[in-house]
Each structure stands twice: as C-alpha cells, then as structure tokens.
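Okay, structure first, notes after.
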Amino acid sequence: MALDIKDYNSPHQPTWCPGCGNFGIHMAMKKALMELNISPSETVITFDIGCNGNGADTVGTYVFKSLHGRSVAVAIGAHLANRKFTTIATIGDGGCFHEGLDHIVNAIKSNYDITILIHNNQNFALTTGQATVTTPQGKKMYGLPEGKPERDIDINAFLMSLKPTFFAKGYSGDLLQLTDIIKKAIKHRGCSIVEISQLCPSYNRECTPQWFNENIIKLDTLEKYSPRSIKDANNIVEEMTKTKKIYTGIIYIDDSVPTFYDRLASRKGVLTEASEEVKEYNINELLKYCN
Amino acid sequence: MCTNRTIVKIGGESGQGINTVGRMFTQSINRIGLSTFSSREYPSLIKGGVASYQVDVSNKEIFTSAKKQHILCCMSEKSLHRYLPDMLENGVVIYDGEELEFSPDEEIELQKKNIHIIYLNSEKIALESGGTKIMANAVLLGFIWKVLKQDPEILIEEVLEMLSDKKIDEEAEKQCLLAGYNNPQYRDDLSKALDLPKPLQTNRKLLITGNEAIALGSLAAGMRAFYGYPMTPATSILKFLGETAHETNIVFKQAENEITAALMVMGSMYMGTRAMTATSGGGFDLMIETVSCCGISETPFVVVLAQRIGAGTGVPTWTGTGDINAAVKGGHGDFPRCVISVSDAESNFVLIQKAFNIADKYQLPVIVLSEKQVAEAIYSIEKLPTTEKVERGLQQGENRYEITDSGISPRWVPQKDFKPYIHTSDEHTEDGQSTENAEEVKAMSKKRERKMESLKSELPEPQLYGSSSAKTIFVGYGSSKNALLDTIQERDDIAYLHYDYIFPLKTEKLMKLVEEGKRLILIENNQSGQFGKLITEETSYQFKEKLLKYDGRSFCFEDILDYLNN
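Residue numbers (the working numbering), protein chains in the order written: chain S, 1 to 291; chain V, 1001 to 1566.
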C-alpha cells in the first residue's frame, strides 16, 4: 500500500509559533521518508529538548524524546540495536553545539549510519530567546541587554574540520530542496549531517523569509561544484565565512569511509540485529577467559 | 585465630610481576584441591609504589583475606617494611635481594615472633639456571612451594600450562622453578609452623573475579550491547566483554564518556535489545540524568556501579560502599528504580541476570552495586550457578503508557508493522503525549509508583546466615557478607542478615528480629552508615550499634572479632 504523508503524523497538533521553521523541517522530513517508501514503523526519530523537541508529539513513527543535547547519543544506541530501522536524530543548535557538543563530534568520527538534522534558529527559543554559539556577537538577547559578548562559532568550518562523510545545508523555507537533501542524507551510508537554517519569528526576527531569500545561494546554481571534491567543499565553507552568505545543498559527501558497524569485528558475518538476539546464552565456552 | 588457613602474601612495586606470581600460586594451590581467596591491593599508578597479592589457602570455602600472613615474599624493600608488622608468629619472610637493615623496632618484632628471613637473589639464580630475568618469579614461586612442602611436579605442570600460549622456553622455566624449590637456603624449620590444611576434595576449581562473573552473567542474560568507559574498579568488565566479543558477537563500544555510554544503553534498550554499562561513582554521577530519564520514560536500563571509597576522585583503587545514597537517591524527580548489591562471584553472576529481568519486566533503571573488593577479588568456586530464565514481560497493547493496577504498561520491541510508540522524558498521557494537566500528571506518577509496589512484593526478604538462635546479628550487604561468613565458621553465637536487594527495601524479617530483642549491629564499608539511614527512613528503627569502616579496606574476620571482643 502506498504511503501517505498523513501516515507520519500522530493525532496531536504542533504547538510551535505561527511561522516557525519547524513546520517546514517536519514536512520535509516526513515527505522524504514517504518518497523513500520508509514506513513509520521502520523509522525511529530521537528528539532533543527545545522547540524542535516539542515536535516529538506530532510524529507517528517510533520516537524517543530524550534530554537536552542528547538526542544524537540516544539515536546511536537505537541504531546499533537495530539497523533495519532508519534512524534520525533531530537537535537544536543550542543542544547540538552547547550541551551535547561531544556527541556530534564523535558521531561524525565514528561514522554511524544515522541522519542528524540540526535545527538552527540561532538561539535557545523555548526558554524565550537566549544566545547560543550561533547567535551573532553583539546581538541583544534575553539576559544580555548589552548584546552577546563572545564571538560566535563558525559551525560550517567546525563541522567540515571533523571530516564528515555527508554534510549538507538546508533552509526550512525551501521544502522541495530540503526534502531532496534529507532523502540523500537518509540514503547515505554513514553519518549524515544536515544543518538547517530555520525561521524563528519570535526570537530571530531579523532573519525573515526575505532576508533568507537574499542571503541563500543554492549550490546547484553554481556552474562548477562537486560535493565529492574536498577542495570545493572547503572553498565554499571559506566563502561562507568571508561573505556570511548561506550556501544550501550537499556541501560534501564521501562514500569511501566504512561505517562504525562495518568496522565492528565482533559483528562480521552476523545476520541478525542485537534487538533480535536477546535470549539465554551459554557461557561455558567463555570460562577459559577467566582470571 | 585463623584455623585451617595458610596465608601467603606477595609484595612489591606495581609492574614487578606480583600478579603473575600470585596467579600462578593461586592456580597451583587449587590444583592440589585446596580453596583460595585472593585479593590484590595496588596504588593508582602504573610503576612503583607498594602493591600486594594475598592468597589465603584453606580446605573449606573462604571468602575474605585475613589481616596477617604466614609467608611474605617481597620484591621491593618498601613493601617488606610495609607488610612486616603483619607477620604471624613463626612466619617466613622471603626477600628478593641482598641482606637488609631493620629498624630496632622491627628487630624486636622479628625476634619476638620468631620470624625467619631468607634472602634470595632470584634474578641471579634464574640466569644461572638457564632462564631469563623475568623467570626470577619462578625461582620465588619454587621456594614458596618448598616451604609449603608440596610436590614440585604439580607446580611445574600447572605453571607450564598457564604459560602454554606465551611461547616461552619451557625447559628454562622448569629449571627456574626447581632452582627455587631446591635452593640450599631451605631448612626444615622454615616449614614447621606452615602445615597446609589437608585437601578435602580434588575437583578442579574455577578461579574467577567478581567482574568476570558479572560480565558472564550479563552475557548469560542475553545482553547484546555493551557501552563502557574506563574507571577503576569497573574497567575489567569492559576488558572481559571486549576481549570476548569475537566469540560472543556482542555490539561493543568504548564510548566517548559516561554520559554517552548511558545514553547509548537507553537508546539500545528502547529498541528492544539488552544493553549495559559499567562505571564507578564519578562516572555514575554523570549518568544520573539518563537514569532519571529512564525512570520517567519507563525505559529498561542496567548499570553496574562498582564502588571505591571517597568523594571526588577519592581513593581510586581501594574499596568501599559509599555510593548507596547516589544509587538509591541520585537524580532529579521521583521515579521508580531498583538497586541491587552483589557480594561474591556467584551473586555477581546471578544478580546481574535478575537485574535484566527486573529492568525489562518493570521498565525501569536497575543499578547493580559492586565494590572494588568484590569486583577484583579472585574467588575459587566449584562452578557458576545455573543460568536464570530470561523474563522480559513483553506484550503488545493499545497505549504504551496504559494506566494499569500493577503499574506495568504494555511494552513491545519496536519492529515493522507493530504500532509505533513514543518514549518521552516529558510527563505524558497514556499514549505518550506531553501533558501539563494536573490530573494526568498525578495519574501517571501514581502509575509508576505502583510499579515499585509490584516489584517490592516480588523481591525476597534478606537472607539470614548462621543460627537463627544467635543473639547477636549483623545487618549488611555487599562484601561485608564475606567477612561475616568467615567469622560464622568460627563462631556460632553470631548470625548475619544479608541484603541483596537494597531498594525497594524489604523490612519484615529485620523488624521481626528487632521485636525479638536481638542485638543488631549495622555493618557498612562507608563513613555515615548510609544503608542504616535508609532502613531508619523506611522503618524509623535506629541501629544502636554500627561497625563502620571507611579507610579503603574491606572488612576481614579480625575486624568482626575485634568489635565483638571490645
């Protein structure tokens, strides 16, 4: 039976602000799963705490709404237990680059076969607009009437420095492109990072749809760009640092790196998943390893 | 005091090969048909310091190290001075080196106790016997064997078998063992006070550490994923599971940190496998947010918390049970959990399996408390108990968080075409939707609380060791049991009430003893008597007597006797 986008919805309505970028991101995520013919009962999505986390209730797949900054590590545990599932971790820029920074670093390093969607609204929105590392320096935020004192982190350069096997940038206001990116991210065998610029009409009012339209350049409009070229990727990241423009599309992809599981010697030739293997185990053969 | 017990202590610096000598001696003694209890003391450094490997030998099962030794074999001067005061009368000291100066106090002590001192330049003897420097260990071992008047053929056979995969010159090893055994410094009077107990049986014993037993138990229970991060004294669980993964085919990952390890366990458990992590107090503190999340999201979770003594970094390679509060009360919010305490090889093996069954069936975090003393001691046992049945309590249902009388909601392993469900750290309704509604918040909290009542009714009361007519009864958990069992073998006027399950707490049996007017003594390896306070909280009973030890050393039977005699 053909899947319908409604199959990915729970009976519950979203609680996001009108105009929130999460509507677009969720629509693209569900559309991508539907177009790839991956049913809700073959999908597990882990959520962070924050505005993106409030979307957990609205999704009809297997869902784990975990802790602030921790959705990536929970997704890794879920993925290693059953790789038959498509595993997606969603996380905000605050959770990703503050509370749980080590998780994204190690997810990329280990190259688990999961997809990570970073909802970047450039602030902690659910706690009503505090600065994150992606908030521009000097911007006045909740509790910072004189403006954010520190520099912001160049997350494009940071992520590329970790040698991700899939790195893409999307925009919550471009449903078709974002759907296409998420589909490719899911299909990529390895850790796929999709960093999504997200509208936040409540706490990032400067970045209006019009502002994004003026500042986004789609990579596929460039004459010569190969996401398989590390040189092209590094050049475009440098360009973004210099010009503050946002290039969307697949920045970099490398299919040559084995996933963590592929390298796991203990699982070579095992045809089942860990979630299918729970039963009494005879340990007699292991006694020779004692003391 | 120590009837039927001969005690041999190997001392030296970390990295000098004390463990090799200790292990070889333990194995060989077991081959004769005797029982041993071996424990290691070592400082938190790689080379140097003072470390020891003590082997207590008996013809009955023993569970703790005695405080003093008959034979002390030292490879460093520092270790000799450290352990010399603990010599028993007529004992033998073997020093691996040239003649030493003793302090006047030491001289008096040596004279008074009639201690024999043998200087053995083991390295020189090894080289002269055609061996290598490293075979100096064999020379020492051979000499100890002679002092104990045992058959050298058994020693040679056992040592060569142990080294069979090491590619060593077997003839040279044998000659070094014999060179020690036949060393001319041996005199008959050395052995006079050192009759080994008569072997009672000849079954080959299994030598196993607590951590090996808990790792094996986790595998027996169908654990298929282990995520760890090194921290003494839990690290050898990680080592054992990692080094056997090629055979067990488990998913094994040394995680980036304890936070990640715990989250990975939670994610894997949600997907329906059995996963585990192991750590010590500091690592557990980092995991506690995840433990709390498992509590409200009703995700099964199993962690081994192998305790050492002290706050912060504490005394990293020494024992204690100061993390009872952390295990029972750690974490924000009220949530159900189970805390179990292991005490020896068998209980490690059995209780970790129970932990998985409880975690699955009641959908809650289970914290399995171990201690350095239990984790790293080497037990000699007949065999491990029979494997427990895997019980998961899985069933499908309409709502994942259905409100039931037992508090237990339906849970099924996520799989294609089954109804998807949410696990959430938000308070939620029966279908997992976040809620702030007062009635709903209360109803779901009450549901989880009922799981604790259901669990409590399933758990056994604590076990009484010794005679029920004894007037003096110690009450404790963990490695205290071992000191008490060794003491009860000598004295039938005391008994011991032992708790495997710390939380939820069963108190009926204890309260009956209170009513009977028994003399109850709380015994704990921590400073404040944390378990005693937990009992007070539950029953309002306050222990009048407490035997507390918090210097990093475990209880030995001498501690119990000293307490009773003073």
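No residue lacks a Cβ here, since even glycine has one placed at the ideal position from N, Cα and C.
In chain S, what lies closer than 9 Å to residue 1416 of chain V by C-beta?
Per Cβ cutoff of 9 Å: 39, 41, 42, 84 and 85.
For residue 65 of chain S, count the other beta carbons within 10 Å of its own beta carbon; 16 or more makes it buried, fewer makes it exposed. Which is it?
Buried, by the Cβ-count rule.
Segment contact flag, the stretch 1494-1508 of chain V with the stretch 1469-1476 of chain V, C-beta cutoff 8 Å, min 3 pairs
Touching, per the Cβ criterion.
Note down, in chain order, all residues in the stretch 1427-1453 of chain V with a beta-carbon under 7 Å from any beta-carbon belonging to chain S.
In summary, the residues of the stretch 1427-1453 of chain V whose CB is separated from some CB of chain S by less than 7 Å are 1433 and 1434, in the order they occur in the chain.
Looking at residue 281 of chain S: is its Cβ nearer than 8 Å to the Cβ of residue 1219 of chain V?
Contact: yes.
Determine, using beta carbons only, whether residue 1369 of chain V and residue 1502 of chain V come nearer to each other than 8 Å.
In contact: residue 1369 of chain V and residue 1502 of chain V (Cβ atoms closer than 8 Å).
Cβ pair count under 8 Å reaching 3, the stretch 1196-1216 of chain V against the stretch 1179-1187 of chain V
Fewer than three Cβ pairs drawn from the stretch 1196-1216 of chain V and the stretch 1179-1187 of chain V lie within less than 8 Å of each other, which leaves the two stretches out of contact.
Taking CB distances under 8 Å as the criterion, tell me whether residue 1090 of chain V reaches chain S.
The beta carbon of residue 1090 of chain V sits no closer than 8 Å to any beta carbon of chain S.
Whose Cβ in chain S lies nearer than 9 Å to the Cβ of residue 1294 of chain V?
Contact of residue 1294 of chain V with chain S by beta-carbon distance below 9 Å is absent, the smallest such distance being about 10 Å.
So if I threshold CB-CB distances at 7 Å, which residues from the stretch 88-108 of chain S count as touching chain V?
The residues in question are 102, 103 and 106.
Please name the residues in the stretch 246-267 of chain S whose beta-carbon is closer than 9 Å to at least one beta-carbon of chain V, in chain order.
Answer in chain order: 260, 261, 264, 265, 266 and 267.
Is residue 43 of chain S closer than 8 Å to residue 90 of chain S when the C-beta atoms are compared?
For residue 90 of chain S and residue 43 of chain S, no; Cβs fall outside 8 Å.
Excluding the five sequence neighbours on either side, which residues of its own chain have a C-beta within less than 7 Å of the C-beta of residue 1269 of chain V, listed in chain order?
Contacts found: 1275, 1299, 1300 and 1301.
Work out the CA separation of residue 251 of chain S and residue 1393 of chain V for me, nearest whole Å.
Taking the straight line from one Cα to the other gives about 47 Å.
If contacts are defined as beta-carbon pairs under 8 Å, then residue 1349 of chain V and residue 1216 of chain V qualify, I think. What distance do you get, rounded to the angstrom?
Residue 1349 of chain V to residue 1216 of chain V, Cβ: 6 Å. Contact.
Determine, using beta carbons only, whether residue 1387 of chain V and residue 1297 of chain V come nearer to each other than 8 Å.
Residue 1297 of chain V is positioned such that its CB atom lies no closer than 8 Å to that of residue 1387 of chain V.
To be precise: take each residue of the stretch 51-82 of chain S, compare its Cβ to all Cβ atoms of chain V, and keep it if any distance is under 7 Å. Which residues remain?
For the stretch 51-82 of chain S, residues whose beta-carbon sits nearer than 7 Å to a beta-carbon of chain V comprise 56, 57, 60, 61, 62, 63, 64, 65, 66, 67, 70, 73, 74, 75, 76, 77, 78, 80, 81 and 82.
Any C-beta of chain V sitting closer than 8 Å to the C-beta of residue 290 of chain S?
Yes, its Cβ sits closer than 8 Å to a Cβ of chain V.
On the three-state DSSP scale, how would you describe residue 1059 of chain V?
Here residue 1059 of chain V sits in coil by DSSP.
Interface positions of the stretch 1154-1171 of chain V facing chain S (Cβ-Cβ less than 8 Å), listed along the chain:
Cβ contacts with chain S come from no residue of the stretch 1154-1171 of chain V.
Would you please state the rounded distance, in angstroms, between the beta carbons of residue 124 of chain S and residue 50 of chain S? I believe it to be under 8 Å.
Here residue 124 of chain S really is in contact with residue 50 of chain S; their C-beta atoms are around 7 Å apart, less than 8 Å.
Does the stretch 99-114 of chain S come into contact with the stretch 251-266 of chain S, if we say contact requires no fewer than three beta-carbon pairs (one atom in each stretch) closer than 8 Å?
By the criterion of at least three beta-carbon pairs nearer than 8 Å, the stretch 99-114 of chain S is in contact with the stretch 251-266 of chain S.
Counting only C-beta atoms, is residue 1247 of chain V closer than 8 Å to chain S at any point?
Taking Cβ atoms only, chain S reaches closer than 8 Å to residue 1247 of chain V, which makes this a yes.
Between S/128, S/100 and S/155, which lies nearest to residue 120 of chain S when the distance is taken from Cα to Cα?
Residue S/155 is the option with its Cα nearest to residue 120 of chain S.
Nearest to residue 1050 of chain V by alpha carbon, out of V/1058, V/1040 and V/1353?
Cα-wise, what sits closest to residue 1050 of chain V is V/1040.
Just curious, the beta strand (DSSP E) that residue 197 of chain S is in, first and last residue?
Start and end: 192-197.
Looking only at its chain, what residues have a beta carbon closer than 6 Å to the beta carbon of residue 995 of chain V, apart from the 5 residues adjacent to it on each side?
Residue 995 of chain V falls outside the range modelled here, since chain V spans only 1001 to 1566, and no answer is possible.
Distance cutoff 8 Å, beta carbons only. Does residue 283 of chain S sit that close to anything in chain V?
With respect to chain V, the C-beta atom of residue 283 of chain S has a partner C-beta closer than 8 Å.
What does a CB cutoff of less than 7 Å around residue 142 of chain S pick up in its chain, not counting 5 residues either side in sequence?
Cβ within range, chain order: 128, 129 and 130.
In three-state terms, what does DSSP make of residue 1001 of chain V?
Its pLDDT being 47, under 50, residue 1001 of chain V is placed unreliably by the model, and the measurement read from it follows with that caveat. Three-state result, residue 1001 of chain V: coil.
Smallest Cα separation from residue 1342 of chain V: which of V/1018, V/1490, V/1335 and V/1376?
Selected option, being the one with the closest Cα: V/1376.
Counting only C-beta atoms, is residue 287 of chain S closer than 8 Å to chain V at any point?
At a cut-off of 8 Å between beta-carbon atoms, residue 287 of chain S makes contact with chain V.
Which class does residue 1498 of chain V belong to by DSSP, given the choice of helix, strand or coil?
Note: residue 1498 of chain V maps to strand in three-state DSSP.
My output table needs one value for residue 1221 of chain V: the three-state DSSP class, helix, strand or coil.
Note: residue 1221 of chain V maps to coil in three-state DSSP.
Give, in chain order, every unbroken run of the beta strand (DSSP E) that is at least 3 residues long and sits entirely within the stretch 1478-1530 of chain V.
Assignment of beta strand (DSSP E) within the stretch 1478-1530 of chain V, counting only whole runs of 3 or more residues, yields 1494-1499, 1501-1503 and 1519-1524 in chain order.
Tell me, please, whether the CB atom of residue 275 of chain S is closer than 8 Å to any CB atom in chain V?
Interface residue, yes.
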